[in-house]
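Count along the sequence shown from 1, add 79, and you get the number used in the numbering used here. Below: the structure, in structure tokens.
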Amino acid sequence: MAFFVFIKKNSVLFFIVIALAVFSCTPIKKQIYLGKGKITSEVSNQTITNKYQLQKGDMLYVKVQTLDEKSYKLFNSEWLTNASVNDLSVFLDSYTISDSGNIELPIVGKVEIFGLTLTEAQMKIQKSLSTYLLDVKVILKLVNFKITVLGEVLKPGTFKIYDDNINVLEAISMAGDMTVFGNRENIMVLRKNTGNKYEYLDITDINIINSEYFQLMPNDVVYVQPTVAKSLGFKEFPFTIMFSAITTLLVLINFLSK
């Protein structure tokens, strides 16, 4: 009974406590990935490297497979058969697209591949080599596929991608997931290779998987913006301190009002 009398006397402060508790928390529905909406269209299964157009300065891993051992050794560096392959060896032995848009291969010479997709470049290189080699097959990979994740994530940084496909959710996962202050409804993806175009994604909405910015391209930058709560300046919202201070204030007011 005394508790209800206490609450009645301090009803204003009581409602302030409730309001702070409610509005200081991020609603759970805003923290669930892909929790809103329904798929409105079919999702393309085409890998992102089939869409990416090769740029000047891109580095390519080129492996030439042929039955002739001498030809194989001519086109493929020793590190391809060495168990101690590392990023440095790949960097040193990769082919870089020149300012004129070419890579230069043994015997074949210059092959212009600037502006082509990885699949188109692979076919063009293979066609050029088939003039000199029988039963030749080319494997082509993009060495410098990297993305950058910044903002409200636990481990921001630049990450190398060893796959043909990566999406925004996977990139955020690589960066250790978002902090409690990450704005899941307003994530910017900056696409440097298309003239710095960008788009804002809401990763609480499942329909982002249909966005052309959901699947990332080489050199994309993902920026997770902070929520309004970040402006309070706390690393984590100080619930314990807040309620302790308010409880002390209520007890003090109740004591002085007697």
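The C-beta atom is built at its ideal place from N, Cα and C for all residues, glycine as well.
- Here T237 carries a strand assignment [DSSP, helix/strand/coil].
- Beta-carbon to beta-carbon, D299 and V268 are separated by about 6 Å, close enough to satisfy the 8 Å threshold.
- A check of alpha carbon separations from E183 across V301, P305, V215 and Y140 identifies Y140 as the nearest.
- Residue pairing by DSSP places L269 opposite Y277 and V300 in a beta bridge.
- Contact between A254 and L233 is confirmed by a C-beta separation of about 7 Å, below the 8 Å threshold.
- Annotation for V222: no alpha helix (DSSP H) segment contains it, and DSSP assigns it neither H nor E.
- Counting C-beta atoms within 10 angstroms of its own C-beta, Y211 has fewer than 16 neighbours from the protein chains shown and is therefore classed as exposed.
- Across the set Y292, G261, I288 and E264, the C-alpha of Y292 shows the shortest separation from the C-alpha of K276.
- Nearest C-alpha to G194 among Y302, V187, G230 and K203: K203.
- Judged by DSSP secondary structure, E191 falls within the beta strand (DSSP E) whose first and last residues are G188 to E191.
- Taking each of Y241, S173, T273 and P305 in turn and checking the Cα distance to Q132, the smallest one comes out for T273.
- If the five residues before and after K225 are omitted, its C-beta is found closer than 6 Å to the C-beta atoms of T237 and K239, all from its own chain and listed in chain order.
- Per DSSP, reduced to three states, the secondary structure at N181 is strand.
- If you draw a straight line from the Cα of T326 to the Cα of G261, it is about 30 Å long.
- Residue environment analysis places L146 among the exposed positions, since fewer than 16 neighbouring C-beta atoms fall within 10 angstroms of its C-beta.
- When only Cα atoms are considered, T227 and V301 end up about 6 Å apart.
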